Amino acid sequence: MTGEPDHLPEAEGPPPAPPPGPIVQSAAIGFRIIFFATLLLGAFWFASNCRVINPENQAVVLRFGQVVKTQASGLLLAWPRPIDRVEMLPGPERRLTRPVGPLLKVAGLNEASNDPGAKPLPDTAAPYLTGDNNVVLLDATLNYRISDPVAYVLRKDHLLPALDRIFRATAVRVAAGQSLNDFLVAQGASGGRGLGINTVREAVRQRLSDEMNARLKALDAGKVGFGVEIVRIDLEPQLPPVAKLAYDQVLTATQKAEQNRATAQIDAENLRQGADQQAVQIKGDARRTATDRTTQATTDTTSILAYERAAGSARSGLEQQYFRDNIGTVLGKAGSVLVVDPQSGQRIVTNGPGARPR
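Residue numbers (this note's numbering): 33 to 390.
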């Protein structure tokens, strides 16, 4: 034995690294939080343009300013901003409203009326010349819908001024072909040309809508359309304030004249019916009187007809009978009777019942 130990001591390596301090640990935890937060924010950013489109809406997707697709109701998948931009629009069945903007005031038409009960004139009412050389003020509200979402998104910044200009141009054309009474009752005459007044008003509004849609379709055909369609136009026609009072007076006088004429027609009709009833009554009385007289005449001439029909000895017998039956009546009506005997020639004068003694 050499006296060496059985196990030699192991060689010592480098000393272990000291544990990180609290500052380093806090920094590491902070970086981890930032990393996961960045991942979470990135996920939210990546899905920011993925959404559900409601049935009453529609969407247009623009990629770097260019339209790439449209989306009706349902799930929309699109790249996040700034790659894709999603424009949310009302659905094709939803109606949008647009009051037509005001024009400059016209001297002599927009001044206030002297009538204390007159309503103030709205600023949006614009004057138009009608076909019968009158002026009507139209305050219009447009009801429209989006028919082409792509064209609407591209030109929506110019839509409202364009609608105002198109309406004014259309209203000038339509008003020139209508009378004042086709817009409102101002002259007491029926401007409906045999139609109901409400039907005429609706026809004017429909004509405005049709002509505006025709102009919008012409723009669509030229690839400069706005992607909208007019559904309805609500009109509130008015008279210029300075003329309204005079029109009201004329209308009142006309209505009173119409009322008087209707009353006169009713009275004339009552008189005619009364005259017809009297005529019927007179005719009935005349027929009954004629029937009675005819019956009496027939009765009175019965004996004469029998005499006329008799012949020979029968007629002689009837003559003698008629003589005997009526001689007394005849003599009773005479004032005096002279009787002559044909054999002796003697004359006898007798007084009748109605004769005065001589």
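C-beta atoms are modelled at their ideal positions from N, C-alpha and C, and glycine is treated no differently.
Just so you know, these numbers come straight off a predicted model, no measurement behind them.
| field | Short Cβ contact (8 Å threshold) for asparagine 81 with proline 112 | value | Indexing the sequence shown from 1 puts residue 81 at position 49. Indexing the sequence shown from 1 puts residue 112 at position 80. With respect to the 8 Å criterion, asparagine 81 and proline 112 are classified as neighbours on the basis of their beta carbons.
| What is the DSSP secondary structure of alanine 183, reduced to helix, strand or coil? | The residue labelled residue 183 in the question sits at position 151 within the sequence shown. Three-state DSSP puts alanine 183 in a helix.
| Out of curiosity, what's the CA-to-CA distance linking arginine 197 and arginine 247? | Taking the first residue of the sequence shown as 1, we reach residue 197 at position 165. Taking the first residue of the sequence shown as 1, we reach residue 247 at position 215. Roughly 11 Å separates the two Cα atoms.
| task | Could you tell me the distance, in whole angstroms, from the CA atom of leucine 370 to the CA atom of leucine 350? | result | Residue mapping note: residue 370 aligns to position 338 of the sequence shown, counting from 1. Residue mapping note: residue 350 aligns to position 318 of the sequence shown, counting from 1. A straight-line Cα-Cα distance of about 25 Å links leucine 370 and leucine 350.
| message | Whole angstroms are fine: how far does the CA of valine 93 sit from the CA of leucine 216? | response | Locating residue 216 in the sequence shown gives position 184, counting from the first residue. Locating residue 93 in the sequence shown gives position 61, counting from the first residue. Taking the Cα positions, leucine 216 is about 47 Å away from valine 93.
| task | Would you kindly work out how many angstroms separate the C-alpha atoms of alanine 221 and glutamine 281, rounded to a whole number? | result | On the sequence shown, residue 221 is found 189 positions in, with the first residue counted as 1. On the sequence shown, residue 281 is found 249 positions in, with the first residue counted as 1. With a pLDDT of only 49 at alanine 221, under 50, the local geometry of the prediction cannot be trusted, and the value read off the model is given with reservation. Spanning the two alpha carbons is a distance of roughly 14 Å.
| said: On a Cα-Cα basis, can you pick out the residue from Ala194, Lys137, Pro159 and Leu161 that is closest to arginine 130? | reply: What you label residue 130 is simply residue 98 of the sequence shown in a count that begins at 1. Closest in alpha carbon position to arginine 130, among Ala194, Lys137, Pro159 and Leu161, is Ala194.
| said: Between phenylalanine 199 and alanine 157, how many whole angstroms is the CB-CB distance? I'm expecting something under 8 Å. | reply: Within the sequence shown, the letter at position 167 stands for residue 199. Within the sequence shown, the letter at position 125 stands for residue 157. Incorrect: roughly 13 Å between the Cβ atoms, too far for contact.
| To which residues of the same chain is leucine 161 closer than 7 Å at the C-beta, ignoring the five residues directly before and after it? | The residue you call residue 161 lines up with position 129 of the sequence shown. Only Val167, Ala207 and Ala208 meet the Cβ criterion.
| field | Identity of the residue in Leu135, Gly259, Arg117 and Gln291 nearest phenylalanine 96 by Cα | value | Counting from 1 along the sequence shown, the entry for residue 96 is found at position 64. When the alpha-carbon of phenylalanine 96 is set against those of Leu135, Gly259, Arg117 and Gln291, the nearest one is in Arg117.
| message | Quick check: the Cα distance between serine 58 and valine 84, rounded to an integer number of angstroms? | response | The residue you call residue 58 lines up with position 26 of the sequence shown. The residue you call residue 84 lines up with position 52 of the sequence shown. Linking serine 58 to valine 84 through their CA atoms gives a straight-line distance of about 41 Å.
| query | With 16 other CB atoms within 10 Å as the buried threshold, where does serine 211 fall? | reply | Numbered from its first residue, the sequence shown carries residue 211 at position 179. When all chains shown are included, serine 211 counts as buried.
| Where are the beta strand (DSSP E) runs, 3 residues long or more, that stay fully inside the segment 235 to 319, in chain order? | Counting only runs of 3 or more, we get 260 to 270.
| field | Outcome for proline 51 when other beta-carbon atoms lying within 10 angstroms are tallied against a minimum of 16 | value | Indexing the sequence shown from 1 puts residue 51 at position 19. Looking at its Cβ environment, which holds fewer than 16 other Cβ atoms inside 10 Å, proline 51 is exposed.
| request: Identify every run of the beta strand (DSSP E) within the segment 92 to 129, keeping only runs that are complete inside it and at least 3 residues long; order them along the chain. | output: Listed in chain order, the beta strand (DSSP E) elements of length 3 or more contained wholly in the segment 92 to 129 are 98 to 103, 106 to 108 and 116 to 122.
| Apart from the five residues just before and just after threonine 102, which ones in its own chain have a Cβ nearer than 8 Å to its Cβ? | Position 70 of the sequence shown, counted from the first residue, corresponds to residue 102. The residues are Gln90, Ala91, Val92, Val93, Pro181 and Val182.
| Would you say the segment 240 to 256 touches the segment 264 to 272, given that touching needs at least three Cβ pairs under 8 Å? | Flag = yes, the segment 240 to 256 and the segment 264 to 272 touch.
| message | Check this for me: beta carbons of arginine 205 and phenylalanine 258, under 8 Å apart or not? | response | Residue numbering aside, residue 205 sits at position 173 when the sequence shown is read from its first letter. Residue numbering aside, residue 258 sits at position 226 when the sequence shown is read from its first letter. No, the pair does not count as a contact, with Cβ atoms beyond the cut-off.
| Those residues which DSSP pairs with isoleucine 229 across a bridge | Locating residue 229 in the sequence shown gives position 197, where the first residue counts as 1. Its beta-bridge partners do not exist; DSSP assigns none.
| query | What are the boundary residues of the beta strand (DSSP E) that alanine 172 is part of? | reply | Working through the sequence shown from its first residue, we reach residue 172 at position 140. Alanine 172: member of the beta strand (DSSP E) spanning 167 to 178, first to last residue.
| task | Would you mind stating whether valine 232 and aspartate 214 have Cβ atoms separated by less than 8 Å? | result | Taking the sequence shown and counting its residues from 1, the one referred to as residue 232 is at position 200. Taking the sequence shown and counting its residues from 1, the one referred to as residue 214 is at position 182. Contact flag set, yes.
| Of the residues Asn165, Leu170 and Val132, the one placed nearest tyrosine 176, counting alpha carbons only | Against the sequence shown, residue 176 aligns to sequence position 144. Measuring from the Cα of tyrosine 176, the nearest candidate turns out to be Val132.
| task | Give me the Cβ distance between leucine 169 and leucine 271, rounded to the nearest whole Å; I'm assuming they're in contact under 8 Å. | result | The count along the sequence shown starts at 1 and reaches residue 169 at position 137. The count along the sequence shown starts at 1 and reaches residue 271 at position 239. That belief holds up - the Cβ atoms of leucine 169 and leucine 271 are roughly 7 Å apart, short of 8 Å.
| For threonine 361 and alanine 329, the rounded distance between their alpha carbons | Position 297 of the sequence shown, counting from 1, holds the residue named residue 329. Position 329 of the sequence shown, counting from 1, holds the residue named residue 361. Counting only the Cα atoms, threonine 361 lies some 20 Å from alanine 329.
| query | Which of the three DSSP states, helix, strand or coil, is assigned to alanine 157? | reply | By 1-based counting over the sequence shown, the position of residue 157 is 125. In this structure, DSSP gives alanine 157 a state outside helix and strand, which the three-state scheme calls coil.
| request: Could you give the DSSP three-state label for asparagine 213: helix, strand or coil? | output: Within the sequence shown, numbered from 1, the residue matching residue 213 stands at position 181. Looking at asparagine 213 - three-state DSSP - the assignment turns out to be helix.
| Where does leucine 195 sit, in a helix, a strand or coil, going by DSSP? | As a first step, residue 195 must be located in the sequence shown, where it is residue number 163. Helix, per DSSP.
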